[in-house]
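For reference, the structure is listed below as structure tokens.
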Amino acid sequence: EAGVAQSPRYKIIEKRQSVAFWCNPISGHATLYWYQQILGQGPKLLIQFQNNGVVDDSQLPKDRFSAERLKGVDSTLKIQPAKLEDSAVYLCASSPQTGKDQPQHFGDGTRLSIL
Amino acid sequence: GNSVTQMEGPVTLSEEAFLTINCTYTATGYPSLFWYVQYPGEGLQLLLKATKADDKGSNKGFEATYRKETTSFHLEKGSVQVSDSAVYFCALSGTGGGNKLTFGTGTQLKVEL
Chain C
1 EAGVAQSPRY
11 KIIEKRQSVA
21 FWCNPISGHA
31 TLYWYQQILG
41 QGPKLLIQFQ
51 NNGVVDDSQL
61 PKDRFSAERL
71 KGVDSTLKIQ
81 PAKLEDSAVY
91 LCASSPQTGK
101 DQPQHFGDGT
111 RLSIL
Chain P
1001 GNSVTQMEGP
1011 VTLSEEAFLT
1021 INCTYTATGY
1031 PSLFWYVQYP
1041 GEGLQLLLKA
1051 TKADDKGSNK
1061 GFEATYRKET
1071 TSFHLEKGSV
1081 QVSDSAVYFC
1091 ALSGTGGGNK
1101 LTFGTGTQLK
1111 VEL
């Protein structure tokens, strides 16, 4: 079974520029998550999709971050404009369905550095 | 709201030593509890889970027991190896809408020969 695929692995941009990350979940997984992991901290949920609908985006900074999952499969996360504090690893995860017992499967992440 | 507290690292052990990483949580209802491991440059991998009180999760020699009376989920391994060196995250999934994971800050484990 192929895992969660993310690209790019690394991205370096200057503040105020825009950037986009891509995620392809495990085949058949209905639920997709984007997490932000700042150095030395645990991941924090940004947004959760169930198929192509948003379940939870309460911690997404909507003035600069956006995400979509148009066909209920792969997803993109965008930051525009980027700030220095957005330097982090952005992790995508998926699970078969939504439910507290469902383990989430993570990709290797995109490491974003803001200069 | 939900929260997870882990012991701070780094934890440095000699090979074959006994490992304990403490984890306590605050949550309403009956969350599910997880341990994830992160190797350098990689994403998180599920190590083990427990979904109800007194459940014991186990995998690759690691164990953790869901203790509701002490709101704890401590990770243990009887004999660590150099290959166990990684960052370990305790997490919970609550009973509210969705099932987002709330993570602790992680504990770095270094195992030396």
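Protein sequences appear in the order of chains C and P.
The numbering used here numbers the first residue of the first sequence as 1 and each following residue consecutively.
The numbering used here numbers the first residue of the second sequence as 1001 and each following residue consecutively.
Just so it is clear, CB atoms sit at the ideal spot from N, CA and C, and this is done for glycine as well.
No experiment lies behind these values; they were computed from the predicted model shown.
Item: C-beta neighbour in chain C for residue 1051 of chain P, strict 7 Å; Value: yes
Item: Counted within 10 angstroms of its Cβ, other Cβ atoms place residue 1054 of chain P as buried (16 or more) or exposed; Value: exposed
Item: For residue 56 of chain C, the first and last residue of its enclosing beta strand (DSSP E); Value: 53-56
Item: CB-CB length for residue 43 of chain C against residue 91 of chain C, believed under 8 Å; Value: 6 Å
Item: Burial state of residue 1001 of chain P (16 or more Cβ within 10 Å); Value: exposed
Item: Alpha-carbon spacing of residue 1023 of chain P relative to residue 57 of chain C, whole angstroms; Value: 27 Å
Item: Continuous beta strand (DSSP E) assignments of at least 3 residues falling wholly in the stretch 46-108 of chain C; Value: 53-56, 65-68, 75-79 and 88-95
Item: The stretch 1066-1085 of chain P: positions lying closer than 9 Å to chain C by Cβ; Value: none
Item: 7 Å Cβ cut-off: residues of chain P touching residue 108 of chain C; Value: 1042 and 1043
Item: Contact set between the stretch 36-55 of chain C and chain P, restricted to residues whose Cβ is under 9 Å from the partner; Value: 37, 40, 41, 42, 43, 44, 45, 48, 50 and 55
Item: Residue 1032 of chain P - DSSP class collapsed to helix/strand/coil; Value: strand
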